[in-house]
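*Asks:* Below you will find the structure I want to go over with you.
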Amino acid sequence: MNKEITTREKDYSQWYNDLVIKGGLADYSAVRGCMVIKPYGFALWENMRDELDRKFKETGHVNAYFPLFIPKSFLSKEAAHVEGFAKECAVVTHYRLKNDPDGNGIIVDPDAKLEEELIVRPTSETIIWHTYKDWIQSYRDLPLLINQWANVVRWEMRTRLFLRTAEFLWQEGHTAHATRGEAIEETEKMLEVYADFVEDFMAVPVIKGIKTAGERFAGAEETYCIEALMQDGKALQAGTSHFLGQNFAKAFDVQYLTKENKLEYVWATSWGVSTRLIGALIMAHSDDKGLILPPRIAPFQVVIVPVYKGEESKVPINAKAAALVQEMKALGIRVKFDDNDNNRPGWKFAEYELKGVPLRIALGLRDIENNVVEMADRLTGEKKSVSMDGLGALVQKKLSEIQDSMFTKAKNFRENLIRKADTWESFVSFLDDGGGFISAHWDGTTETEDSIKDKTKATIRCIPLNNTMEDGVCIFSGKPSKQRVLFARAY
RNA sequence: CGGGAUGUAGCGUAGCCCGGUUAUCGCGCCUGGUUUGGGACCAGGAGGUCGCAAGUUCGAAUCUUGCCAUCCCGACCA
4 MNKEITTREK
14 DYSQWYNDLV
24 IKGGLADYSA
34 VRGCMVIKPY
44 GFALWENMRD
54 ELDRKFKETG
64 HVNAYFPLFI
74 PKSFLSKEAA
84 HVEGFAKECA
94 VVTHYRLKND
104 PDGNGIIVDP
114 DAKLEEELIV
124 RPTSETIIWH
134 TYKDWIQSYR
144 DLPLLINQWA
154 NVVRWEMRTR
164 LFLRTAEFLW
174 QEGHTAHATR
184 GEAIEETEKM
194 LEVYADFVED
204 FMAVPVIKGI
214 KTAGERFAGA
224 EETYCIEALM
234 QDGKALQAGT
244 SHFLGQNFAK
254 AFDVQYLTKE
264 NKLEYVWATS
274 WGVSTRLIGA
284 LIMAHSDDKG
294 LILPPRIAPF
304 QVVIVPVYKG
314 EESKVPINAK
324 AAALVQEMKA
334 LGIRVKFDDN
344 DNNRPGWKFA
354 EYELKGVPLR
364 IALGLRDIEN
374 NVVEMADRLT
384 GEKKSVSMDG
394 LGALVQKKLS
404 EIQDSMFTKA
414 KNFRENLIRK
424 ADTWESFVSF
434 LDDGGGFISA
444 HWDGTTETED
454 SIKDKTKATI
464 RCIPLNNTME
474 DGVCIFSGKP
484 SKQRVLFARA
494 Y
């Protein structure tokens, strides 16, 4: 069948692509490196977005929206920032088209050149800090806790659905604080929000840590991150939270008057997660039959598939299904009744497995006679007959069990792939045998980090928060080290 | 931007080396019917600038040249 997907064993990349495309989440579009997120994929994103948004608001943040275009001069105000993003910016140079005088369609009107080029935002620090200058005068204006849901563009050389597209959807929080300590606290708090969300809702375990200088966000003083592990043993950065110090405040001259009437620069943070999280979700959980979506964010948690036997069977089956739908909806369960008569039950079973719906209920005359339904668990593949009485409550319980076991399964997988390497040989052999996170000593220099990357493609994913101090020697240089860091090959 | 590969219907493809009627097959799509407990079947049907352009030739999907696009491997990156 054309919907058959490539197995992980055969080709991991193709497997991933098949899941995204055939699972109905997204597809490549006509525009290079950009994707179309289909309704099913967007429903998933909306569920994720709504939950994150709720958490942001609980922690005192509000939403706002800033322009898509950034004047070129803004971007260059913070030196490290511009250096980090300059190579991947889409630039607007003209504002008008006209008919080609030679009759070859339409051309850019050379007379419509912009005086100052506009950059399509790769991130919004600059335009936001330019605005914050006007918004912040006094300590009474602080903290300023703003988030925006937006799209950004980074002109990447090579793209992958969800993981790295030229345009992607995300949220970016940008906060301003009176003190260094308060800003650091905010940075850490938001990392915690991300970690909780990814673990509790996406059922993907993450390691919280800080980035080395080499992996730090352009313009940040410290970058905190959450790192997840995919089934092929590669790591994926799932979210970042940056302590920006006073870099942007100084670049955009954002000062406030303290209680003591002294002029001070404000302290900043920014933090973001993107549709990349969907990529993480797919690669952490899915199998060779398709997606497996965690119940708490799945667009549909349950699908009811009727099994008809002749035209007249539709009446009792549909009636029973409607009652079940009503019962489940009353319990807040997202349920879909698929009575589309164009496809037969077997087709639907396969289709919803591909789409990762956590629970499937099949309902036929035979079941109605016995007052049961057939319930199938997407995660384990287990099918069994269960009573229709109290089905809603059972489904609820089952969904919560699936959510938990998805997390446990992913966590066990990851725990087995966090390994300590004390020699270069074991470091390399771990990388080639399963990958995963390798906990090893590092001398703290960017040179060593770069050399290791050149030789093995492995990078330092993070220095875990609350890392235990331990004397040792660097795996690569043999120089002394105070603590282990986590290496991995990464997306 | 370097190295490699590929462009034939919505998708996947055969044909190309060795030029020759109306471009192959499967999936999907449309119509009608029979069906429905693991990707149904029968019958009929629609759908093509063979990536683009030029050249060679009586004749080009097929040979030549140029261009374009995409994918993979690097460099870059959330």
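The first sequence: position 267 = 270 (the numbering used here), numbered continuously. Cβ atoms here follow ideal geometry from the backbone N, Cα and C, with glycine treated the same way.
1) Is Asp-199 buried or exposed, if buried means 16 or more other CB atoms sit within 10 Å of its CB?
2) When you compare only the Cα positions, how much space is there between Ile-466 and Trp-48?
3) For Met-4, which residues of its own chain have a beta-carbon under 6 Å away from its beta-carbon, when the five flanking residues on both sides are left out?
4) Report all residues from its chain with a CB closer than 6 Å to the CB of Ile-300; omit the five preceding and five following residues, and keep chain order.
5) Among residues of its own chain, excluding the 5 on either side of Thr-190, which ones have a beta-carbon nearer than 8 Å to its beta-carbon?
6) Under the assumption that Leu-357 contacts Gly-293 (Cβ atoms under 8 Å), give the Cβ distance between them as a whole number of angstroms.
7) Determine which residues share a DSSP beta bridge with Glu-404 and list them.
8) Mind reading off the beta-carbon distance from Pro-302 to Met-409? Whole number of angstroms is fine, and I expect it under 8 Å.
9) Identify the residues that DSSP records as bridge partners of Phe-440: which are they?
10) Shortest alpha-carbon distance to Ala-379 belongs to which of Val-306, Asn-20, Lys-265?
11) Restricting to runs no shorter than 3 residues, where is the beta strand (DSSP E) found entirely within the stretch 52 to 118?
12) Taking only three categories from DSSP, how would you classify Met-4?
13) Within the same chain, show all residues whose beta-carbon is closer than 8 Å to that of Ala-181, passing over the 5 residues directly before and after it, in chain order.
14) Evaluate contact between the stretch 354 to 371 and the stretch 430 to 444, counting only Cβ atoms and requiring at least three cross-stretch pairs below 8 Å.
15) Identify, in the order they occur along the chain, each residue of the same chain with its Cβ nearer than 7 Å to the Cβ of Glu-119, setting aside the five sequence neighbours on each side.
16) Give a yes or no on contact between the stretch 77 to 88 and the stretch 18 to 38, applying the rule of three or more CB pairs nearer than 8 Å.
17) Keeping to the same chain, check which residues put their C-beta closer than 6 Å to that of Lys-339; ignore five residues upstream and five downstream.
18) Exposed or buried, what is Ala-252 when buried is set at 16 or more other beta-carbons lying within 10 Å of its beta-carbon?
19) Here's a check: name, in chain order, each residue in its chain whose Cβ is nearer than 8 Å to the Cβ of Asn-374, leaving out the five neighbours to either side.
20) Would you say the stretch 343 to 351 touches the stretch 394 to 405, given that touching needs at least three Cβ pairs under 8 Å?
*Replies:* Straight from the coordinates:
1) exposed
2) 29 Å
3) Residue confidence is low: Met-4 scores 38 on pLDDT, short of 50, so the model does not pin down where it sits. Its coordinate-derived value is still stated next. Excluding residues within five positions, none has a Cβ falling inside 6 Å.
4) Asn-50, Met-51, Phe-204
5) Glu-225, Tyr-227, Ser-244, His-245, Phe-246, Thr-272, Trp-274
6) 3 Å
7) Answer is none; Glu-404 lacks a bridge partner.
8) Not quite, the Cβ-Cβ distance comes to about 16 Å (not below 8 Å), so this is no contact.
9) Ile-421
10) Val-306
11) 72 to 74, 94 to 97, 100 to 102, 109 to 111
12) Here the model assigns Met-4 a pLDDT of 38, short of 50, so the residue's position is not dependable and the matter cannot be decided.
13) Tyr-142, Leu-145, Pro-146, Tyr-259, Thr-261, Glu-267, Val-269, Trp-270
14) no
15) Pro-74, Lys-75, Ser-76
16) no
17) Phe-303, Val-306
18) buried
19) Ser-390, Met-391, Asp-392
20) no
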